[in-house]
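Q: With mature numbering (1 follows the signal peptide of the UniProt record, and there is no 0) as the guide, the letters of the sequence shown map in order to residues -25 to -1, 1 to 403. The beta-carbon is built from N, C-alpha and C at its ideal position, and this holds for glycine as well. Please read these numbers as outputs of a predicted model, since none were measured by experiment. Please find one structure pasted underneath; my questions will follow.
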Amino acid sequence: MSSRILQWLSLVGIIWLQSINGTNSNFPAYSSQLKQLLSISQVQLNNLAFASDAGKLFGCFAGIASIYLPLWLVLIIGSALGLIGYGVQYLFLINQISSLSYGHIFLLTVIAGNSICWINTVCYVIAIRNFPSNRQIVVGLTTSYVGLSAKIYTDIVDAKFSSSPTERAKAYLFLNSILPVIICVIASPLARVVDVKSSRNMGVGFITMFVITIATGVYAVFSSLEFMSSKLSSMSNAIGIFVFLLAPLVIPVVEKIMEVVRKLNIKTEMKVYDFTVEDNEGAERMESGVKVREEASEEVHEVGAKEEIGVKVMLTRLDFWLYFFVYFFGATLGLVFLNNLGQIAESRGYSGTSTLVSLSSSFGFFGRLMPSLMDYFFSSLSLPQGRKWTWKMHGHGLLQIHFHHLGFPLYFWNFLSCSSICSNTKVL
């Protein structure tokens, strides 16, 4: 199998891994029930939300492990941590474990939050190594599927589990523990580093991938709206999102078909024009050698344009601190809002918390996707990197202001704001 096909298969594997890796994003869907089941206060519940994010502070261990361990083993470790973190909590809620203190629950939540970093690290390493010329685009595109996780988990719970709020809370913990393990086992043969010969002429594939991704987001948004979800059964809704997750397989399948067709054409031409090939063998060998050298030099030049810096140099860069403070004062506030979305909905007398979680997940998906689209668009215009980033910031700010003044409901504007926050925090 050619390296080009393996590249696209690795991208599909990364998408599947990222789509189930946002296990902390469905917390608002069951936070109210978890509060009742554990008999804890609102402050303690907020601390559990913090614990999930605090687990990511230890994400550096995943990075170190990816240097010395095979990536498939890093995946197994990450999924195992999630299995322990969420699985033990699930066993406690179904009375298979007699007693757990709040401190134990807090520690298990930290472990579960840390598990996300291990799977993320594998996805980033594979994306960067397999797509060296388009790594920003690929990392941004695949990371957008993390925003879809809450939507996926909610659809599964709606389709397969009881409508009882207590049972749904247990179902979320069960899925958070077991689904990443299953997907890691399925995706690990695909999500691996391949020997990349060339990353050129992949424009058609990326355009197709963007079309599939945008269509996935549109379906996620509309299927989350109440007037649409009422027309579709929960099972149909879940099947639809899984079909869109399988859709990226179209690209490697088409690549394989084209490869087979090219080989058949070459064999046919060799049989018909065998004497011509023999006469011009020396000239063709020389011409192909020149082309290979030119392509190799272009590829090396393109990849070499990326700058690798150390931690000390990074801390002296303005770009790093811009990213840090935008994330600290922007996305962090958005996370606080999303973590308390269930409590906010409950206080407003709204019972459809899962609908709000699905909708916010879908808008977060688009917010993460926007930078990749803009990177791909602006790269063809050859704009300086700083100007690209400025356009992203201004564009999303105007998007928020525009919808706010059009009089859209407050929750709708908040979702757009959160999607804008996601898009503004992409690594430069």
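So what's Thr328 in DSSP terms, helix, strand or just coil?
A: Looking at Thr328 - three-state DSSP - the assignment turns out to be helix.
Q: When the distance is taken between beta carbons, is Ala102 closer than 8 Å to Val114?
A: Yes, the pair counts as a contact, with Cβ atoms nearer than the cut-off.
Q: Applying the criterion that 16 or more other CB atoms from any shown protein chain within 10 Å of the CB defines a buried residue, is Trp296 buried or exposed?
A: The residue in question, Trp296, is exposed, as its Cβ has fewer than 16 Cβ neighbours within 10 Å.
Q: For Glu270, which three-state DSSP category applies?
A: For Glu270, the pLDDT reaches just 48, beneath the cut-off of 50, and the residue's location in the model is therefore unreliable, leaving the point undetermined.
Q: Please classify Asn105: is it buried, with 16 or more other beta-carbons within 10 angstroms of its beta-carbon, or exposed?
A: buried
Q: Does the separation of the CB atoms of Gln316 and Leu334 fall below 8 Å?
A: With the sequence shown as reference, residue 316 is identified as Leu, and Gln is not the correct amino acid for it. No, these two residues do not count as a Cβ contact at 8 Å.
Q: Lys242: buried (16+ other C-beta within 10 angstroms of its C-beta) or exposed?
A: exposed
Q: In terms of residues, what are the limits of the alpha helix (DSSP H) holding Asn21?
A: Gln17 to Ala29
Q: Going by C-alpha to C-alpha distance, which of Leu13, Leu46, Gly215 and Asp130 sits closest to Ser163?
A: Leu46
Q: Less than 8 Å between the CB atoms is what I'm expecting for Gly62 and Ser90, so what's the real figure, rounded?
A: Rounded, the Cβ-Cβ distance is 11 Å, inconsistent with contact.
Q: Give me the Cα-Cα distance between Gly(-13) and Lys10, rounded to the nearest whole angstrom.
A: 35 Å
Q: Within 10 Å of its beta-carbon, does Cys159 have 16 or more other beta-carbons around it, so buried, or fewer, so exposed?
A: Cys159 is buried by the Cβ-count criterion.
Q: Suppose the cutoff is 7 Å on Cβ atoms and the five residues either side in sequence are ignored; what does the same chain contact list for Phe197 look like?
A: Excluding five sequence positions before and after Phe197, the CB atoms of its chain that fall closer than 7 Å to its own CB belong to Met203, given in chain order.
Q: Do Ser119 and Phe340 have their C-beta atoms within less than 8 Å of each other?
A: yes
Q: Which residue from Ile232, Leu221, Met184 and Ile127 puts its Cα closest to that of Ser209?
A: Ile127
Q: Anyone know if the C-beta pair for Phe2 and Ala26 falls short of 8 Å?
A: no
Q: If Leu116 sits next to Met177, beta carbons under 8 Å apart, how far is it from one beta carbon to the other, in whole angstroms?
A: Actually they do not touch by this definition, with Cβ atoms about 12 Å apart.
Q: Out of curiosity, what's the CA-to-CA distance linking Phe312 and Asp130?
A: 22 Å
Q: By how many angstroms is the C-alpha of Ile157 removed from the C-alpha of Leu(-9)?
A: Each residue's alpha carbon lies about 10 Å from the other.
Q: For the candidate residues Asp133, Ser322, Ser152 and Ile39, whose alpha-carbon lies nearest to that of Gly88?
A: Ser152
Q: Comparing alpha-carbon positions, which option in Met345, Trp93 and Asn240 lies nearest Phe36?
A: Trp93
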